[in-house]
Structures are given as structure tokens and as C-alpha cells.
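First comes the structure, then the notes that go with it.
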Amino acid sequence: MITFVGAGPGAEDLITVRGQKLIQEADIVIYAGSLVNPGLLSECREDCQIYNSAKMTLEEVMEVMLDGQEKGRKIVRLHTGDPCLYGAIREQMDELEKRGIPYEVCPGVSSFCGAAAALNAEYTLPGVSQSVVITRMAGRTPVPDRESIASFAAHQATMVIFLSTGMLRELSAELIRGGYAPETPAAVVYKATWPEEKVLRCTVETLAQTAEAEGVRKTALIVVGNVLEGEYERSKLYDPSFTTEYREGKSNE
4 MITFVGAGPG AEDLITVRGQ KLIQEADIVI YAGSLVNPGL LSECREDCQI
54 YNSAKMTLEE VMEVMLDGQE KGRKIVRLHT GDPCLYGAIR EQMDELEKRG
104 IPYEVCPGVS SFCGAAAALN AEYTLPGVSQ SVVITRMAGR TPVPDRESIA
154 SFAAHQATMV IFLSTGMLRE LSAELIRGGY APETPAAVVY KATWPEEKVL
204 RCTVETLAQT AEAEGVRKTA LIVVGNVLEG EYERSKLYDP SFTTEYREGK
254 SNE
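This is the structure we're talking about:
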């Protein structure tokens, strides 16, 4: 069996129990060395074969998988965060499906969750935002025109922006062009949940200056929205006057 495993946002103890067990049982681990905490590899058996995919092409990764499968090995493909976000796993799955090779996915804790924890933030505050837009700036990997930063900014929802730390001046301009006020609260979260984590609070207008002052150039998430500060409405779920399946609401009288 080949299993795609989410390594979590960084901290070694934020991998899931299932993911940890799969690593411990694996004969082969192929990990995304540019982002996955190498400390997780201490869970591997001494005889486990370990490959760093940061130095490999898709074809080379598949060669290792296919060779291991033929030999009946247990293979873990270890991706950062949760594999479903910017993990480039679909192309690997398609290659396996072409050959009739079974695989499964073990989800992980995404770094956007780690960033919220670092910020002590709730992304979906009543009366402020009930949606979270997860996106990125266009770079060497293009983004469809219909998914531009400006078009998403027009919704005024909470935004979590990946893979864009090197383009913060352009990002600020696009956010403002889309409708965010320059003074809208924002944050740069560097290596969320890692020991070297940094939380830099700022505004949409000052994203670039804030990151530059701290020497942050990559491996950071950008969070934008009024959920980061300000007023919000109390949750109905825990309002004494609100009736639910489990309790009867009481009149304020």
C-alpha cells in the first residue's frame, strides 16, 4: 500500500496519530524535504529507506514508489500540512491509478490552522466573516484570472494566502485594488508551530515593510481580514435565548 500522509504544519507532535503510526511502519518514506520537519523522520525504523523529494522529479518519485510496490513494501509519501492544499498529489495519484496500484490518503493539520492558533484567531466570526478564502499570488505557477487576489478581496471574507511572501508589495496592491481598506488588519505568520515561529501583526498596507523588517522572505502565511481585531456578534449557539436540538432557549424576561 502507498499512503499519502499529511505531516502537519511543522511541530513534530502535530502529525496525526494515524500518520505517526504509518511512518513507524513504513519500509520507504518519501518526504517533502523543503517543508516537512525532518524531526518526524526519527519515527522511522532504522532499516527504512528515506528519500528527500525536494531533490527529485515526479518521474523519480514514481520510480521509487513503483519499485517499492513491486517488492511489497509499505510506502509513505509524506507531504507538508494536509496533502490536499498545494501538495501536487493529484499527478502522483493519476500515475498510480493508470497502473492499477492502490493508495490512500491520511489527512493532516494544515498550516492555515497552525497560523490561526499562532494568532489566537477565529477565522469565522459572526457578523464579520463566515468564509475563508485560501489562495495564492500568481508566480511561476499561474493562477486563473477568475481567481485573482483582487476578485477574492471584493468579498471582504477572511483570506489566508500561501506561497506569496516574496511578492508582498504586489499582494498589498491587489488586496487594496480589490476592496480591502489599507488599514485592514493583517498578519504575516512565519513557520507556524515551528520553534522559530514568528507572528507579525500589521495592516494590508504595511505587509511588505513588516516582513522586511524581520527578514521574513519565505515559508510564511499571510492572513487578512477584520477577524484579526474589532467587534463581532455573539454566537447564537451559546446564547441563552437560542433554542437548539439539545436545549430550550430561555426568554430574557
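Taking our numbering as reference, the numbering of the sequence shown is continuous, increasing by one, and the terminal residue is 256. Where a beta carbon is used, it is the ideal one built from N, C-alpha and C, also for glycine.
Please state whether the Cβ-Cβ distance between residue i and residue j is less than 7 Å.
i: Ala195; j: Ala124; result: no
i: Leu210; j: Leu171; result: yes
i: Val112; j: Leu17; result: yes
i: Ala214; j: Arg180; result: no
i: Val135; j: Tyr126; result: yes
i: Ile164; j: Val191; result: no
i: Glu46; j: Gln23; result: yes
If you reduce the DSSP assignment to three classes, tell me which class residue i lands in.
i: Pro188; result: strand
i: Phe245; result: coil
i: Gln52; result: strand
i: Val202; result: strand
i: Arg172; result: helix
i: Arg237; result: coil
i: Glu125; result: coil
i: Val207; result: helix
i: Val230; result: helix
i: Val20; result: helix
i: Ile104; result: coil
i: Arg220; result: coil
By how many angstroms is the C-alpha of residue j removed from the C-alpha of residue i?
i: Ala121; j: Ile33; result: 29 Å
i: Pro145; j: Pro243; result: 49 Å
i: Val131; j: Val8; result: 34 Å
i: Ser114; j: Met140; result: 17 Å
i: Tyr235; j: Pro129; result: 6 Å
i: Arg143; j: Asp85; result: 22 Å
i: Gly233; j: Val219; result: 26 Å
i: Glu217; j: Leu44; result: 30 Å
Determine, using beta carbons only, whether residue i comes closer than 7 Å to chain C.
i: Glu66; result: Chain labels in this structure do not include chain C; a single protein chain is all it has.
Strictly by DSSP, which residues pair up with residue i?
i: His82; result: Gly9
i: Thr196; result: DSSP lists no partner for Thr196.
So does the segment 39 to 56 actually touch the segment 94 to 113, counting three or more Cβ pairs closer than 8 Å?
Segment contact: the segment 39 to 56 against the segment 94 to 113, fewer than three CB-CB distances shorter than 8 Å; contact not assigned.
For the 8 Å Cβ check, are there 3 or more pairs between the segment 76 to 83 and the segment 152 to 169?
Short answer: they don't touch.
Does the segment 185 to 194 come close enough to the segment 203 to 219 to have 3 or more Cβ pairs within less than 8 Å?
Three or more beta-carbon pairs drawn from the segment 185 to 194 and the segment 203 to 219 are found closer than 8 Å, and the two stretches are therefore classed as touching.
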